[in-house]
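Written below as structure tokens is the structure these notes are about.
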Amino acid sequence: MQLVPVLETRRLVLTILPGSAASRLLTFAIENDAHLARWEPPHPDGFFTEGFWRRRLDRSREELARGESLRFTIAHRDAPDGPVLGHCNFNQIVRGAFQACYLGYSIDHRWQGKGVMFEALERAIEFIFGPMRLHRIMANYIPTNERSGRLLRRLGFSVEGYARDYLYIHDGWRDHIMTSLTNPNPTAPAAGG
Ligand SMILES: CC(C)(COP(=O)(O)OP(=O)(O)OC[C@H]1O[C@@H](n2cnc3c(N)ncnc32)[C@H](O)[C@@H]1OP(=O)(O)O)[C@@H](O)C(=O)NCCC(=O)NCCS
């Protein structure tokens, strides 16, 4: 059976929640819609239902078991079953000669500007480059998303390019600035993986 990582920082705990936590994610989605909608793809059908979040969490656990993603939910360290503060997702893990993944994140509007995402990502990245042995994390943001750009710069990500009409976000195709971070202690890919 796949072990589910639980990562702690001074204030936070990050883990990949089971389907039974769907109502907590639904609450986050409802309470943060006004704050997040302009930075995210249009909502899929059922986005504001518990069933949608249960299926999404079930899929996250399946992807974890297959080594395809790590979709962390962030909560207070002293209230791990309490309110969801945010998400940081390491998606589309590719092994072989690439050893790379894509990063996406969002924080509750009441918790912006307190260094929470920086604290969460510092710890998650340590795990991705350490026990997960990945080599590259790619993160792309819309040029007007200055908070996201500042966060990535502070974490050490470098700009690699500019992609026109890169993703369909909110209501249209948006240019993105492409950045990445490589493992400061690189290792060769594991044999066979
Ligand atoms: C981008 C986003 C995740 C940043 O979250 P955050 O928790 O505010 O980010 P940080 O952890 O970097 O905190 C940043 C701010 O807290 C301040 N701060 C306070 N205490 C801090 C601490 N102990 N450590 C670091 N920063 C601290 C920093 O000065 C910084 O201010 P700045 O953004 O004006 O430079 C958040 O704005 C968000 O959810 N945006 C909408 C969704 C989104 O854009 N997703 C990404 C799409 S690419």
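Heads up, the sequence shown is in this note's numbering, so the first residue is 10 and it goes up one at a time.
By construction, the Cβ of each residue, glycine as well, lies at the ideal position given by its N, Cα and C atoms.
State the Cα-Cα distance for the pair residue i and residue j, rounded to the nearest angstrom.
i: residue 8; j: residue 116; result: Nothing can be reported for residue 8, as the shown portion of the chain is limited to 10 through 202.
i: residue 173; j: residue 97; result: 24 Å
i: residue 200; j: residue 69; result: 26 Å
i: residue 36; j: residue 162; result: 30 Å
i: residue 137; j: residue 102; result: 10 Å
i: residue 133; j: residue 16; result: 7 Å
Which same chain residues, not among the five before or five after residue i, have their C-beta less than 7 Å away from its C-beta?
i: residue 39; result: 57
i: residue 47; result: 179
i: residue 166; result: 148, 188, 189 and 190
i: residue 91; result: 84 and 85
i: residue 152; result: 184 and 186
Return helix, strand or coil for residue i, following the three-state DSSP convention.
i: residue 37; result: helix
i: residue 81; result: strand
i: residue 176; result: strand
i: residue 148; result: strand
i: residue 60; result: helix
i: residue 42; result: helix
i: residue 52; result: coil
i: residue 109; result: strand
i: residue 166; result: coil
i: residue 13; result: coil
i: residue 143; result: coil
Compare the C-alpha of residue i against each of the options and name the closest.
i: residue 20; options: 85, 106 and 99; result: 85
i: residue 164; options: 156, 170 and 171; result: 156
i: residue 12; options: 80, 44 and 73; result: 73
i: residue 142; options: 107, 130, 54 and 53; result: 107
i: residue 28; options: 185, 82 and 45; result: 82
i: residue 59; options: 196, 22 and 30; result: 30
i: residue 23; options: 202, 154, 160 and 135; result: 135
i: residue 50; options: 80, 145 and 113; result: 113
i: residue 139; options: 198, 42, 168 and 75; result: 198
Go through its chain and collect everything with a Cβ distance to residue i's Cβ below 8 Å, but skip five positions before and after it.
i: residue 34; result: 26, 62, 65, 66, 82 and 93
i: residue 131; result: 18 and 164
In chain order, what residues of the same chain lie with their CB nearer than 6 Å to the CB of residue i, ignoring the 5 residues before and after it?
i: residue 79; result: 99
i: residue 170; result: 187
Any heavy atom of ligand 1 within less than 7 Å of residue CB: hits in chain order: 44, 45, 48, 95, 113, 114, 115, 116, 120, 121, 122, 123, 124, 125, 126, 127, 128, 148, 149, 150, 151, 154, 156, 157, 159, 160 and 163
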